[in-house]
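Please read the structure below before turning to the comments.
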Ligand SMILES: [Zn+2]
Ligand SMILES: [Zn+2]
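In full-length UniProt numbering, the protein residues as written are 1 to 465.
Here's what the structure looks like:
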């Protein structure tokens, strides 16, 4: 299938949850995961691939009428590499001092002898045209006849009087090389359309990103509110459930839309099979889960839309190069200064925000372990270097007169005392990891008992083995 049709179809097909589905209870939303259409405004802002293709035809025709068909330009480009021969320059940033607007400019370097183009590779029609342009320009500007052996210094000193592009004479060969700027119309039109659309997409993506940021923050607040263990037993149970859910959803790094879709489908299936949602006890938690799924679907929709548009830009630029040999596939992305679409950073940034604002509301035990004994770091001792260890491990290090933090080698161990007890962290751990804290306290006591009473010590009041 041709890309133009593929692109059109993709725009009609892709989508996220429909409004109807988001209103369903979470279990059903899981089952009826399917795609709706993209919002009309998105479709309207998509890269106008067909229009660009038509415009490209005009560019090609325009170049052909002046003898600069793709083969001639390809030849010129090839000759550019061998020393002494100059080909052409196709500069998209034609007016560097003028705003961000692209102004493409094609400059050809030709060898002139007595006003006649002598490059044998060029067709007679091309030579004819170039002579007309070169000589026409020279007369227009009342330039003196072009003399051989003009060196760089003298042409540089003339820079103030006339723009370099029109007057530069470079003496690399016996024949002077003349820069001829080719007046073109339709390439300007082409890049106008493309650049405007990339800007429009950037704006749209900026707005979407703002909207999603709001949604993410709101979900984060809901999660913080509903899952606080202090809210009671149900909240504590739900917190444990959330922990299991987010363990499944661990990978929030950059990925392609196809990978993200696969991951999302897998995630929902797992959550469904393990009955995580059914087991959430508070209705607020179940609502938050639906929000979480919707957010994922919206992120995915954004990612897909961005991807197909990026692909459309790549394809149309490749086509441009194939038809003209002007080599814009590499230069356009640099010249256009796209902050979002071509940078491709929006979905990635948003996924990072989900991690930091939503998933982080459910603390994971891994983040609160003592780096020495790998149990929860309780009682937590925060050293001067900000590293946190459990009190037992600190005591043991001090007994061995170890001076340096095992993580950063800071000279902090022997300086630690009661002041380093992190009261806030202790309260936090008791609230969010009560089971682990209890087990750790018990283990600490047992260990201390064994140190005092010998290896046979057990913590039971009267334990018969
Ligand atoms: Zn420890
Ligand atoms: Zn340290």
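Think of the CB as a built atom: it goes at the ideal place given N, C-alpha and C, for glycine as much as any other residue.
Looking at the structure shown, is residue 430 part of a helix, part of a strand, or coil, going by DSSP?
Your numbering for residue 430 matches position 430 in the chain shown. If DSSP states are grouped into helix, strand and coil, residue 430 belongs with the helices.
For ligand 1, I want to know if residue 372 counts as a neighbour, meaning its beta carbon is within less than 6 Å of at least one of the ligand's heavy atoms.
Looking up residue 372 in the chain shown gives position 372. Yes; taking the cut-off as 6 Å, the Cβ of residue 372 has a heavy atom of ligand 1 nearer than that.
Taking C-beta to C-beta, are residue 383 and residue 412 nearer than 7 Å?
The residue labelled residue 383 in the question sits at position 383 within the chain shown. The residue labelled residue 412 in the question sits at position 412 within the chain shown. Yes.
If we count the other Cβ atoms within 10 Å of its Cβ and call it buried at 16 or more, is residue 418 buried or exposed?
If you number the chain shown from 1, residue 418 lands on position 418. Residue 418 is exposed by the Cβ-count criterion.
Does DSSP put residue 55 in a helix, a strand or coil?
Position 55 of the chain shown, counted from the first residue, corresponds to residue 55. Of the three classes helix, strand and coil, the one that applies to residue 55 here is helix, per DSSP.
Residues near residue 385 by beta carbon distance below 6 Å, same chain, minus five either side:
Position 385 of the chain shown, counting from 1, holds the residue named residue 385. Closer than 6 Å at Cβ, skipping near neighbours: 405, 408, 410, 412.
According to DSSP, what are the bridge partners of residue 382?
Position 382 of the chain shown, counting from 1, holds the residue named residue 382. According to DSSP, residue 382 bridges with 388.
Could you tell me which residues DSSP pairs with residue 89 in its beta bridges?
Taking the first residue of the chain shown as 1, we reach residue 89 at position 89. DSSP output for residue 89 lists 107 as bridge partner(s).
Does the separation of the CB atoms of residue 357 and residue 216 fall below 7 Å?
As a working note, residue 357 is residue 357 in the chain shown. As a working note, residue 216 is residue 216 in the chain shown. Contact flag set, yes.
Indicate the three-state DSSP secondary structure (helix, strand or coil) for residue 289 in the structure shown.
The residue labelled residue 289 in the question sits at position 289 within the chain shown. Residue 289: helix per DSSP, three-state reduction.
Between residue 516 and ligand 1, is there a pair consisting of the residue's CB and a ligand heavy atom that are separated by less than 6 Å?
Coverage of the chain is limited to positions 1 through 465, which leaves residue 516 absent and any answer about it impossible.
So does residue 408 have its beta carbon nearer than 6 Å to some heavy atom of ligand 2?
Working through the chain shown from its first residue, we reach residue 408 at position 408. Checking the Cβ of residue 408 against ligand 2 gives yes.
Residue 108 classed as buried or exposed, judged by whether at least 16 other C-beta atoms fall within 10 angstroms:
Taking the chain shown and counting its residues from 1, the one referred to as residue 108 is at position 108. With 16 or more other Cβ atoms within 10 Å, it is buried.
Which of the three DSSP states is assigned to residue 480 in this structure?
Lying before the first or after the last residue shown, residue 480 is absent from the chain, which here runs from 1 to 465.
Own chain partners of residue 415 with C-beta closer than 7 Å, once the 5 adjacent residues on each side are dropped:
The residue given as residue 415 occupies position 415 in the chain shown. Excluding sequence neighbours, residue 415 sits near 384.
Check: residue 385 C-beta below 6 Å from any heavy atom of ligand 2:
Position 385 of the chain shown, counted from the start, is the residue given in the question as residue 385. Because some heavy atom of ligand 2 lies under 6 Å away, the Cβ of residue 385 counts as near it: yes.
How about residue 442: is its C-beta nearer than 7 Å to some C-beta of chain B?
You won't find chain B in this structure, because it holds only one protein chain.
With a Cβ-Cβ cutoff of 7 Å, do residue 55 and residue 190 count as a contact?
For the purposes of this step, residue 55 is taken as the residue at position 55 of the chain shown. For the purposes of this step, residue 190 is taken as the residue at position 190 of the chain shown. A contact, by the Cβ cut-off of 7 Å.
Since residue 195 contacts residue 306 with CB under 8 Å, what's their CB separation in whole angstroms?
Residue mapping note: residue 195 aligns to position 195 of the chain shown, counting from 1. Residue mapping note: residue 306 aligns to position 306 of the chain shown, counting from 1. At roughly 17 Å, the Cβ-Cβ gap does not stay under 8 Å, so residue 195 and residue 306 are not in contact.
Counting along the chain, where does the alpha helix (DSSP H) carrying residue 471 start and finish?
Because the chain is modelled from 1 through 465, residue 471 falls outside the range shown and cannot be assessed.
heavy atom of ligand 2 below 6 Å from residue 405 C-beta:
Translated into positions along the chain shown, residue 405 becomes position 405. Yes, since a heavy atom of ligand 2 falls inside the 6 Å radius drawn around the Cβ of residue 405.
Would you check if there are 3 or more beta carbon pairs closer than 8 Å linking the segment 265 to 275 to the segment 224 to 239?
no
Beta-carbon separation (whole angstroms), residue 208 vs residue 302, contact threshold 8 Å:
The residue given as residue 208 occupies position 208 in the chain shown. The residue given as residue 302 occupies position 302 in the chain shown. Right, the Cβ-Cβ distance comes to about 6 Å (below 8 Å), so this counts as a contact.
CA-CA distance, residue 32 and residue 187?
Here residue 32 refers to the residue found at position 32 when the chain shown is read from its first residue. Here residue 187 refers to the residue found at position 187 when the chain shown is read from its first residue. Note that residue 32 scores 37 on pLDDT, short of 50, meaning its location in the model is unreliable; the coordinates nonetheless yield the value given after this. Computed Cα separation, rounded: 47 Å.
Identify whether residue 456 lies in helix, strand or coil by the three-state DSSP scheme.
Here residue 456 refers to the residue found at position 456 of the chain shown. Three-state result, residue 456: coil.
Mind checking which residues open and close the alpha helix (DSSP H) that includes residue 41?
Against the chain shown, residue 41 aligns to sequence position 41. Residue 41 -> alpha helix (DSSP H) spans 40 to 45.
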